[in-house]
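My numbering numbers the first residue of the sequence shown as 1248 and each following residue consecutively. The beta carbon of each residue, even a glycine, is placed where N, CA and C say it ideally should be.
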Amino acid sequence: MFKKVLIANRGEIALRILRACKELSIPTVAIHSTADSESMVVRLADESVCIGPPAARDSYLNIPAILAAAEITQADAIHPGFGFLSENAYFASMVADHAMTFIGPSPGHMILMGDKVKARETAQKLGLEVIRGSDGELASLEEAQALAKAIGYPVLIKATAGGGGKGMRVIHHEHELAEKMDMAKSEALASFQHGGLYMEKYLTQPRHVEFQVLGDAYGDVLCLGDRDCSVQRNHQKIWEEAPCSVLSPLERETMIIKVISAMKKLGYSGAGTLEFLYEEGQFYFIEMNTRIQVEHPVTEMITGLDLVKLQIMMAAGIPLPLRQEDIVFRGHAIECRINAEHPETFCPSPGRVEAYLAPGGPFVRVDSALFPGCSIPPFYDSLVAKLIVYGETRDECLQRLRRALHEYVITGVDTLLPLHLRLCETQAVQEGNLHVKWLEQCFLAHHAPLI
Ligand code: ADP
């Protein structure tokens, strides 16, 4: 097992990794920017190193500073969490070059899946269906026009390097194509320094259903079931459930077998998620994330497994301690992302938290690095807490979620708490009648003011 793990992240995920390390008796090093010196992970870690000023490019994305911190503290492994450098293959190989372990898949798999066109091609070769669209990167406007005509509008233009819903544009008519391709390209260049685009048929009411995988260093792969992440705004998830309530046992079983077979053929190791759109009984692969995800706790709740501990153990060369037949899915779990944002405009709301009181009681879990008086800096992602609730049934889970949301107090900054409370009380949510456009088209467009 590792002698010391450096946590190359911040906020709730840094704390989540620290907790896993503590339970594995592995000493930890927290790195932090000057904006995070007072953070919970810095207080709880065995050691901490300030790696730079607030801007992420100078701190949490500063590879030389992070490697230097790991060398100085003699860490032998680095956990990247999600976001920041978690899907940066160059960072992963630099970590290996410095004789340390990157807790994640091989750089080769990160490169393959980091390019969404290559990921699409690979998924097809591995026997997964993809949405009708371009075979590779779009080479010209003329090619895009011809393809859109062939597959039929609406189409979606996506960035090959995409992530976080950036560089995506829906096109309903041919006359919008040129302008929207330019917009997608500029956004992709600004966000990913790569302007490559591809096209997919735009599905109007799909669900987002994803499958969690975990592979060890010896070719064994487990699939820990599915999550439904259809409640989204701006193509970003804010509410996730496990399992997806509309899949039949046969559909689930078939996909689990397909996903395991695909990952074994690929030789994938580490934690990963295969994301699909699900419409009219069909699954279409859209991308693979080669890291632990924000929503991993709902899978932990229904499987009873600690994914972060397992991820660390796999990276340390320990074989998977259980077989697919040992995995039992029990009950239902929901996660609400509590972002420090205005619940209607979604404008970030950094600042000082005044009162903070997290909910408790049976089957309620809060993953957060907040505490009374802490500050939420304006420089980073606005996700500040995750409320995860478990119930024997989806109905019980929703009742418990509503109860927990009523208990949750965060003052001093705006949060999405009022939105989540309203969602619990909405018929479509109670009936599980959701799709990826539901929040924007059916809920936000019509609801009464929240606050
Ligand atoms: P990113 O990597 O930017 O998160 P994804 O490819 O994972 O992008 O897609 C994010 C979300 O965008 C999906 O969950 C879905 O809501 C929407 N989306 C992606 N592709 C399509 C499509 N072909 N049709 C309709 N919606 C899509």
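Helix, strand or coil: how does DSSP classify Pro-1595 here?
In this structure, Pro-1595 counts as strand in the three-state DSSP scheme.
Would the beta-carbon of Met-1502 fall within 8 Å of that of Phe-1439?
no
Using a Cβ-Cβ cutoff of less than 7 Å, which residues in the same chain neighbour Tyr-1531 once the five nearest sequence positions on both sides are dropped?
Glu-1376, Val-1377, Ile-1378, Phe-1523, Leu-1524
Output the residue ranges of the alpha helix (DSSP H) runs that lie fully inside the region 1253 to 1295 and measure 4 residues or longer, sorted by chain position.
Here the runs fully enclosed are 1258 to 1270, 1287 to 1291.
Once DSSP output is grouped into helix, strand and coil, what is the label at Leu-1617?
Three-state DSSP puts Leu-1617 in coil, outside helix and strand.
Please specify which runs of the alpha helix (DSSP H), each continuous and at least 4 residues long, are wholly inside the region 1384 to 1440, giving them in chain order.
1388 to 1398, 1424 to 1439
Do Tyr-1627 and the ligand ADP come close, with the Cβ less than 7 Å from some heavy atom?
no
Could you check how far apart the C-beta atoms of Leu-1450 and Ala-1518 are, in whole angstroms? I think they sit under 8 Å.
In fact, because the Cβ distance is near 27 Å, the residues do not count as touching under 8 Å.
What residue from Val-1660, Asp-1642, His-1667, Glu-1643 has the CA that sits closest to Glu-1654's CA?
His-1667
Locate the alpha helix (DSSP H) running through Gly-1355, then write down its first and last residues.
From DSSP, the alpha helix (DSSP H) with Gly-1355 extends over 1354 to 1361.
Throw me the rounded Cβ distance for the Ala-1587 and Ser-1615 pair, which I believe falls under 8 Å.
Their Cβ separation, rounded to whole angstroms, is 11 Å, which puts Ala-1587 and Ser-1615 out of contact at 8 Å.
Can you tell me the Cα-Cα spacing of Glu-1547 and Ala-1267, whole angstroms?
Cα-Cα distance, rounded: 13 Å.
Is Leu-1450 near the ligand ADP, in the sense that its beta carbon is under 7 Å from a heavy atom of that ligand?
The answer is yes for Leu-1450.
Inspect the CB distances between the region 1542 to 1556 and the region 1466 to 1483 and report whether three or more fall short of 8 Å.
Three or more Cβ pairs closer than 8 Å define a contact, and the region 1542 to 1556 meets that threshold against the region 1466 to 1483.
Is the beta carbon of Gln-1371 within less than 7 Å of some heavy atom of the ligand ADP?
It does not: the Cβ of Gln-1371 is nowhere closer than 7 Å to a heavy atom of the ligand ADP.
Between which two residues does the beta strand (DSSP E) holding Ile-1325 run?
1324 to 1326
Roughly how many whole angstroms lie between the Cα atoms of His-1196 and Ile-1319?
With the chain covering only 1248 through 1698, there is no way to say anything about residue 1196.
Measure from the alpha carbon of Lys-1512 to the alpha carbon of each residue in Ala-1346, Glu-1687, Ala-1370, then state which is nearest.
Ala-1370
Hey, would you say the C-beta of Leu-1524 is under 7 Å away from at least one heavy atom of the ligand ADP?
yes
May I ask whether a heavy atom of the ligand ADP can be found less than 7 Å away from the beta carbon of Leu-1403?
yes
Can we count Gln-1479 as close to the ligand ADP, meaning its CB is less than 7 Å from some heavy atom?
yes
Give me, in chain order, the residues of the same chain whose beta-carbon lies closer than 7 Å to that of Leu-1385; leave out the 5 immediate sequence neighbours on both sides.
Ala-1391, Leu-1444, Tyr-1445, Met-1446
Excluding the 5 residues flanking Trp-1486 on each side, which residues of the same chain have their C-beta closer than 6 Å to its C-beta?
Val-1478, Cys-1583
Given the structure, does Val-1683 come close to the ligand ADP, in the sense that its CB is under 7 Å from one of the ligand's heavy atoms?
yes
Note down, in chain order, each residue of its chain lying with its Cβ closer than 6 Å to the Cβ of Glu-1283, except the 5 sequence neighbours on either side.
It should be noted that the sequence gives Asp, not Glu, for residue 1283. The residues are Arg-1257.
Where do the ends of the alpha helix (DSSP H) carrying Phe-1338 lie?
1336 to 1344
Look at the alpha carbon of Pro-1311 and the alpha carbon of Val-1342, and state the distance between them as a whole number of angstroms.
When the Cα atoms are used, Pro-1311 and Val-1342 turn out to be separated by approximately 10 Å.
Going straight from the alpha carbon of Arg-1499 to that of Val-1296, what length do you get?
45 Å
Taking contact to mean 3 or more Cβ pairs, one atom from each stretch, closer than 8 Å, check whether the region 1635 to 1654 and the region 1410 to 1428 are in contact.
In short, these stretches do not touch, since the Cβ pair count stays below three.
By Cβ distance, which residues of its chain are closer than 7 Å to Phe-1626, with the 5 residues on each side in sequence left out?
Ala-1282, Pro-1301, Ala-1302, Ala-1303
Kindly provide the ranges of any alpha helix (DSSP H) runs that are 4 or more residues long and lie completely inside the region 1540 to 1596, ordered along the chain.
1543 to 1550, 1554 to 1562
In angstroms, rounded to a whole number, what distance separates the CA positions of Asp-1475 and Ile-1254?
28 Å
State the DSSP-derived secondary structure class of Asp-1628, mapped to helix, strand or coil.
coil
Locate the beta strand (DSSP E) running through Ser-1477, then write down its first and last residues.
1468 to 1480
Candidates Leu-1521, Gln-1529, Asp-1467, Tyr-1515: which alpha carbon is nearest Glu-1497's?
The residue asked about is misnamed: residue 1497 is Leu in this sequence, not Glu. Nearest of Leu-1521, Gln-1529, Asp-1467, Tyr-1515 to Leu-1497, Cα basis: Gln-1529.
Please state whether DSSP places Ile-1485 in a helix, a strand or coil.
strand
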